[in-house]
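*Asks:* Residue numbers (the numbering used here): 6 to 395.
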Ligand SMILES: Cc1cc2nc3c(=O)[nH]c(=O)nc-3n(C[C@H](O)[C@H](O)[C@H](O)COP(=O)(O)OP(=O)(O)OC[C@H]3O[C@@H](n4cnc5c(N)ncnc54)[C@H](O)[C@@H]3O)c2cc1C
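Here it is, written out as structure tokens:
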């Protein structure tokens, strides 16, 4: 057993990397263990990267909407710091999102969405068929109405992760790839972390440990309250060719996310299939058909990639962020459909909590201990308690 750095992060997806970035910016000594290669096995490498607190606002989860809006407000500064630290661009694009209705049902859904957004005080502009034609001439003429959401943006998650990894390394942080965290055990004032690195078993000791393994977090053996995380599969297509639209375009059935390099992301399915990563013909057909109905020009561009990813979902579809075991064992997972959007706020508030032992009131609804029932806890676990830090 060797002495490791101060902080260990298990999982180099978007959440683990964003947190490692914030910690290295604060001068902390950080080691990220990633079971695969950065950006290859995670949900974030499949994700479209929509930053959509208005489109995704959900009446049943107001505390999640609050957190998403907070993160949204921090995004421009987060991107600026990552781009400066890495010297890389991450495709942050604030051109807005256009929701369109292609038939009567869609129009009724958009009307309902618009009423809700206006009630909540969001800026959502109802636009006509003629205005859609003027803004996005490649959209099907059947689009009879739309909602323009100027505040819903996008980022390229693959570029963001690449830049985060470069920034972390540039600041002296360590990222170890092909290294799966198997087990975390309390040891003195810290934790022993057992890792399988390309078949070799390693043991390292850290003052603080964060479990950020996305949909796989539950597979790490650790003294935690129950964390019922499951994968929700999403299949996505990437097309490539002439740029057809200038901003994110959605219908109630599909979204189309254009990048400045000619990529067009088309998504996504939501499926309960466990960790079955196969891309199936039916969902590809459905996605292509819905995308083509909205944007007929896709018929003539390349289908460059099909892929599937696993959204980490907890029972209440809200993330678990914070102290899970005093002192110093933290969790950041369960970001479900919003992990790209929520990365800045998760990383910044958790980094603060790890330094000061004070949890932001914004994180209260997301306490990792909320799934614990009396008698279910392993010895020494006090759900929702503070007192950790280093
Ligand atoms: C199809 C699809 C579309 C999406 N679109 C959007 C979107 O537009 N906007 C948005 O905000 N969100 C979107 N999401 C959701 C977003 O991708 C996730 O919420 C986010 O990626 C979760 O981040 P994470 O770091 O927790 O998990 P992941 O990104 O999955 O990363 C987890 C990482 O941990 C590693 N790991 C797992 N176990 C271990 C271990 N034991 N040891 C070491 N490493 C381990 C994995 O290899 C992986 O790299 C989408 C997701 C999908 C699937």
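From the three backbone atoms N, C-alpha and C, an ideal C-beta is built for every residue, glycine too.
Is it the case that the CB of residue 38 approaches a heavy atom of ligand 1 more closely than 6 Å?
*Replies:* Yes, Cβ of residue 38 sits closer than 6 Å to a heavy atom of ligand 1.
*Asks:* I need the boundaries of the beta strand (DSSP E) containing residue 13, first residue and last residue.
*Replies:* Its beta strand (DSSP E) spans residues 12-15.
*Asks:* Could you tell me which whole beta strand (DSSP E) segments of length 3 or greater appear in the stretch 161-217?
*Replies:* Counting only runs of 3 or more, we get 179-181, 184-192, 195-202, 205-211 and 213-216.
*Asks:* Within this structure, are the beta carbons of residue 179 and residue 36 separated by less than 7 Å?
*Replies:* Yes, the pair counts as a contact, with Cβ atoms nearer than the cut-off.
*Asks:* Where does residue 376 sit, in a helix, a strand or coil, going by DSSP?
*Replies:* Reduced to three states, the DSSP call for residue 376 is helix.
*Asks:* Taking only runs of the alpha helix (DSSP H) that begin and end inside the stretch 18-101, which ones reach a length of at least 4 residues, in chain order?
*Replies:* The stretch 18-101 contains these whole alpha helix (DSSP H) runs: 19-30 and 67-91.
*Asks:* Could you tell me which residues DSSP puts in a beta bridge with residue 276?
*Replies:* DSSP, once it has assigned bridges, lists 238 as partnering residue 276.
*Asks:* Apart from the five residues just before and just after residue 306, which ones in its own chain have a Cβ nearer than 8 Å to its Cβ?
*Replies:* Within the same chain, residue 306 has close Cβ partners 244, 245, 246, 247, 249 and 269.
*Asks:* Quick check on residue 89: buried or exposed, where buried means 16 or more other Cβ atoms within 10 Å of its Cβ?
*Replies:* Under this definition residue 89 is an exposed residue.
*Asks:* Just how far apart, CA to CA, sit residue 373 and residue 325?
*Replies:* Looking at the two C-alpha atoms, the distance is approximately 5 Å.
*Asks:* Tell me, please, whether the stretch 351-370 touches the stretch 233-241 by the rule of three or more beta-carbon pairs shorter than 8 Å.
*Replies:* With the cut-off at 8 Å, the stretch 351-370 and the stretch 233-241 do not touch.
*Asks:* Would the stretch 22-32 and the stretch 129-147 be scored as touching if the rule is three or more Cβ pairs under 8 Å?
*Replies:* The stretch 22-32 vs the stretch 129-147: no contact.
*Asks:* Based on the DSSP output, what are the partners of residue 306 in its beta bridges?
*Replies:* Residue 306 is not bridged to any residue.
*Asks:* With distances taken from CA atoms, which of 60, 206, 294 and 251 is nearest residue 119?
*Replies:* Nearest of 60, 206, 294 and 251 to residue 119, Cα basis: 60.
*Asks:* For my contact list, residue 347 and residue 73 are in at a C-beta cut-off of 8 Å; report their separation, rounded to the angstrom.
*Replies:* With 8 Å as the limit, residue 347 and residue 73 qualify as a contact, their Cβ atoms being about 6 Å apart.
*Asks:* Using a threshold of 6 Å, is the CB atom of residue 182 nearer than that to any non-hydrogen atom of ligand 1?
*Replies:* Flag unset: Cβ of residue 182 not near ligand 1.
*Asks:* Under 6 Å: does the beta carbon of residue 66 sit that close to some heavy atom of ligand 1?
*Replies:* No, Cβ of residue 66 sits at least 6 Å from all heavy atoms of ligand 1.
*Asks:* If you compare alpha carbons, which of 86, 54 and 40 is closest to residue 201?
*Replies:* Among 86, 54 and 40, the Cα nearest to that of residue 201 belongs to 40.
*Asks:* For residue 361, does the three-state DSSP call read helix, strand or coil?
*Replies:* Three-state result, residue 361: helix.
*Asks:* Judging by CA-CA distance, which residue of 176, 100, 224 and 183 is the nearest neighbour of residue 56?
*Replies:* Nearest option by C-alpha distance: 100.
*Asks:* Excluding the 5 residues preceding and the 5 following residue 296 in the sequence, name in chain order all residues of the same chain whose CB lies nearer than 7 Å to its CB.
*Replies:* Closer than 7 Å at Cβ, skipping near neighbours: 259, 261, 271 and 303.
*Asks:* Which of helix, strand or coil does DSSP assign to residue 9?
*Replies:* Low confidence applies here, because residue 9 scores a pLDDT of 42, under 50, leaving its location unreliable; read the following figure in that light. It is coil, neither helix nor strand.
*Asks:* With hydrogens ignored, establish whether the beta-carbon of residue 53 is closer than 6 Å to any heavy atom of ligand 1.
*Replies:* Under cutoff, so the answer is yes.
*Asks:* For residue 334, report the span of its beta strand (DSSP E) as first-last.
*Replies:* Note, residue 334: beta strand (DSSP E), 334-338.
*Asks:* Name the residue from 363, 292 and 219 whose alpha carbon lies nearest to the alpha carbon of residue 343.
*Replies:* Per the Cα distances, 219.
*Asks:* Hey, could you find the ends of the alpha helix (DSSP H) residue 263 is sitting in?
*Replies:* Careful: residue 263 lies outside any alpha helix (DSSP H), inside the beta strand (DSSP E) at 260-263.
*Asks:* Compute the Euclidean distance between the alpha carbons of residue 15 and residue 310, then round it to the nearest angstrom.
*Replies:* Spanning the two alpha carbons is a distance of roughly 28 Å.
*Asks:* Going straight from the alpha carbon of residue 367 to that of residue 131, what length do you get?
*Replies:* Looking at the two C-alpha atoms, the distance is approximately 32 Å.
*Asks:* Note down the Cα distance separating residue 112 from residue 150, rounded to an integer number of angstroms.
*Replies:* So the alpha carbons of these two residues sit roughly 7 Å apart.
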